[in-house]
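As structure tokens, the structure follows; a few thoughts come after it.
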Amino acid sequence: MSIESPLFYLNQLAETDLLIGDHNHPFQKIASELYLELQQLLASGNTPKIILAEREPVRFLAGFIAACAAGCPVFLCNPDWGKQEWQQVLDLVQPDIIWGLEIKISPHNISNHSPYIMIPTGGSSGKIKFAIHTWETLLASVQGFTEYFQLTQVNSFCVLPLYHVSGLMQFMRSFTTGGKLAMPSASVAIAPLKTLASSPEYQIKPANFFISLVPTQLQRLLENSELTQWLSQFKTVLLGGAPAWDELLEKARFHRIRLAPTYGMTETASQIATLKPDDFLNGKINSGQILPHAQIKIRNQQGEILNTNQTGNITIQAQSLALGYYPQTWKNRHYLQVDDLGYLDPQGYLNIIGRSSDKIITGGENIYPGEIEAAIRSTQMVSDVCIIGLPDKHWGEAVTAIYIPKHPQISSLILQTELNQKLSKFKLPKHWISVTTLPRNPQGKINRQQLQKIATEHLQNLS
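Here is the structure:
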């Protein structure tokens, strides 16, 4: 595919039917009007910084393409951020224009800025940062995707937030390849998906579409027989955002869901490794092979490149790599070292072990939470679980399980007894904390700082 400017695509809107349903005319109209407004500002020699926080998907996408076409820096934002988060964002960005929210901004001189696209990422810390992207980095991701799946057009069914890289890139893939984009109403995205079947977009022919989900969404869809049957018809079901557990993957395979577990992040403009659906259905469980626009090297702590099947730190080179975190660009843009540990097998498939910072050192032993979480989930007695390490005078860190029992009568003693047969003694949790909910963000990632606080307070109350 050729890389065209955003203005080229804006001018093509009148000739395309990108959006499923009756959204195309308002999309074209709003995008053109906003673009002309920005052109008037630019004519006076000013390049405004724009915060885009539209709740309504059509208005959000129209604002996004207008800002990109006009060459204005645009910050994608979640309208549902709390007061503290918004204050943090406003202090950092100091915007000239806010689309979507009634927020008063202090008047200041508008200066010229680069036409960057800022995409929010909180990771697991909860603190909002913006990865700096460009039209070119986003299109490099689209190009890698289309080459990997051998496509010229991409049709997307989007139930993820458009301000997040996972939602935005579904739009970009369809918008820049002449594909179709189905977007159920804003209330359906991430909401309990039982309303999905009543949306007009539900009537599309799934065999022609990609859909992207996070594990908690897949779990909810598989609890509904009608939606499970519908999901099984999709060309490909991309799965990312947070680690999926074995039980969920096995259930998806049992229902012949054409699942494609992915590995990627905001900083890489979505996936850079993906397991193809046929590999998944044939029993493979990993993050798949590397997309053509990216390279992954596994390095040890000294930075030396490791051989196949050797676990180390994942480092990434990609044409879709972000330039930095706003307002700073990275000095070393040759590769990005991330917090993830993994290895490449001889066939080039990426296997993720876990996050380096999540590693628990207890009694001198290294433990990765994912293994213990998988063992607890396999008991089928919990609906959710997270393993963390808490400071401990004797052990260094004490393995702590925070879990949601499926039934009130399921006790920590019952779970511990089940685990005795599955795990080495040093891996067994020292503390068990039963809760009704775990602090996850909309993409399913655990806020570990918040969880540490919950667990610490719980244990203090017991003592």
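27 is the number of the first residue of the sequence shown in this note's numbering; add one for each residue after it. We put the beta carbon where it would ideally sit given N, CA and C, even for glycine.
Status (buried if at least 16 other CB within 10 Å, exposed otherwise) for residue i
{"i": "residue 373", "result": "exposed"}
{"i": "residue 280", "result": "exposed"}
{"i": "residue 312", "result": "buried"}
{"i": "residue 213", "result": "Per-residue confidence for residue 213 stands at a pLDDT of 43, beneath the threshold of 50, marking its modelled position as unreliable; the derived number appears in the next sentence. Exposed, since its Cβ has fewer than 16 Cβ neighbours within 10 Å."}
{"i": "residue 79", "result": "buried"}
{"i": "residue 34", "result": "exposed"}
{"i": "residue 71", "result": "exposed"}
{"i": "residue 215", "result": "In this prediction, residue 215 scores a pLDDT of 43, lower than 50, which makes its location untrustworthy; no coordinate-derived value is stated."}
{"i": "residue 30", "result": "exposed"}
{"i": "residue 110", "result": "exposed"}
{"i": "residue 40", "result": "exposed"}
{"i": "residue 73", "result": "buried"}
{"i": "residue 233", "result": "exposed"}
{"i": "residue 338", "result": "buried"}
{"i": "residue 314", "result": "buried"}
{"i": "residue 43", "result": "exposed"}
{"i": "residue 346", "result": "buried"}
{"i": "residue 241", "result": "buried"}
{"i": "residue 417", "result": "exposed"}
{"i": "residue 181", "result": "buried"}
{"i": "residue 293", "result": "buried"}
{"i": "residue 243", "result": "buried"}
{"i": "residue 380", "result": "buried"}
{"i": "residue 190", "result": "buried"}
{"i": "residue 46", "result": "buried"}
{"i": "residue 446", "result": "exposed"}
{"i": "residue 261", "result": "buried"}
{"i": "residue 336", "result": "exposed"}
{"i": "residue 309", "result": "exposed"}
Nearest-angstrom beta carbon gap, residue j and residue i [assumed within contact, 8 Å]
{"i": "residue 422", "j": "residue 396", "result": "Their Cβ separation, rounded to whole angstroms, is 20 Å, which puts residue 422 and residue 396 out of contact at 8 Å."}
{"i": "residue 321", "j": "residue 343", "result": "4 Å"}
{"i": "residue 158", "j": "residue 348", "result": "5 Å"}
{"i": "residue 143", "j": "residue 164", "result": "7 Å"}
{"i": "residue 89", "j": "residue 112", "result": "Not really, about 18 Å apart at Cβ, beyond 8 Å."}
{"i": "residue 331", "j": "residue 325", "result": "6 Å"}
{"i": "residue 393", "j": "residue 289", "result": "Not quite, the Cβ-Cβ distance comes to about 22 Å (not below 8 Å), so this is no contact."}
{"i": "residue 477", "j": "residue 465", "result": "6 Å"}
{"i": "residue 188", "j": "residue 146", "result": "With 8 Å as the limit, residue 188 and residue 146 do not qualify as a contact, their Cβ atoms being about 12 Å apart."}
Which of helix, strand or coil DSSP assigns to residue i
{"i": "residue 384", "result": "helix"}
{"i": "residue 323", "result": "strand"}
{"i": "residue 305", "result": "helix"}
{"i": "residue 100", "result": "strand"}
{"i": "residue 35", "result": "helix"}
{"i": "residue 369", "result": "strand"}
{"i": "residue 461", "result": "coil"}
{"i": "residue 144", "result": "strand"}
{"i": "residue 339", "result": "strand"}
{"i": "residue 300", "result": "strand"}
{"i": "residue 254", "result": "helix"}
{"i": "residue 263", "result": "strand"}
{"i": "residue 70", "result": "coil"}
{"i": "residue 83", "result": "helix"}
{"i": "residue 282", "result": "coil"}
{"i": "residue 246", "result": "helix"}
{"i": "residue 150", "result": "In this predicted model, residue 150 has a pLDDT of only 49, less than 50, meaning its place in the structure is not dependable; the value taken from the coordinates is given anyway. Here residue 150 sits in coil by DSSP."}
{"i": "residue 496", "result": "What is shown of the chain runs 27 to 489, which leaves residue 496 out entirely."}
{"i": "residue 269", "result": "coil"}
{"i": "residue 164", "result": "helix"}
{"i": "residue 361", "result": "coil"}
{"i": "residue 232", "result": "helix"}
Closer than 8 Å to chain D by CB, residue i
{"i": "residue 199", "result": "The structure shown contains no chain D; it is built from a single protein chain."}
Cβ neighbours of residue i in the same chain (closer than 6 Å, five flanking residues each side left out)
{"i": "residue 93", "result": "76, 100"}
{"i": "residue 184", "result": "193, 196, 209"}
{"i": "residue 356", "result": "350"}
{"i": "residue 482", "result": "none"}
{"i": "residue 437", "result": "none"}
{"i": "residue 84", "result": "49, 52, 53"}
{"i": "residue 168", "result": "198, 199, 202"}
Same chain, Cβ closer than 7 Å to residue i, five either side skipped, listed in chain order
{"i": "residue 391", "result": "452"}
{"i": "residue 488", "result": "none"}
{"i": "residue 87", "result": "53, 188, 197"}
{"i": "residue 37", "result": "none"}
{"i": "residue 61", "result": "36, 92, 95, 96"}
Cutoff 8 Å; reference residue i; Cβ partners in own chain excluding five residues on either side
{"i": "residue 97", "result": "68, 73, 141"}
{"i": "residue 217", "result": "Unreliable placement is indicated for residue 217, whose pLDDT of 45 sits below 50; the coordinate value is still reported in the next sentence. There are no such residues."}
{"i": "residue 461", "result": "428, 429, 430, 480"}
{"i": "residue 399", "result": "271, 411, 412, 413"}
{"i": "residue 32", "result": "91, 94, 95, 161"}
Residue i beta carbon near the ligand MN (any heavy atom closer than 7 Å)
{"i": "residue 349", "result": "Judged by which ligands are present, the structure shown has none, so any question about the ligand MN falls away."}
Uninterrupted alpha helix (DSSP H) stretches inside the segment 386-451 (no shorter than 4 residues): Residue ranges of uninterrupted alpha helix (DSSP H) with 4 or more members, entirely inside the segment 386-451 and ordered along the chain, are 395-403, 438-445.
Quick check on the DSSP output: what are the complete alpha helix (DSSP H) runs of length 4 or more inside the segment 176-216, in order along the chain? With a minimum length of 4 residues, the unbroken runs of alpha helix (DSSP H) contained wholly in the segment 176-216 fall at 191-203.
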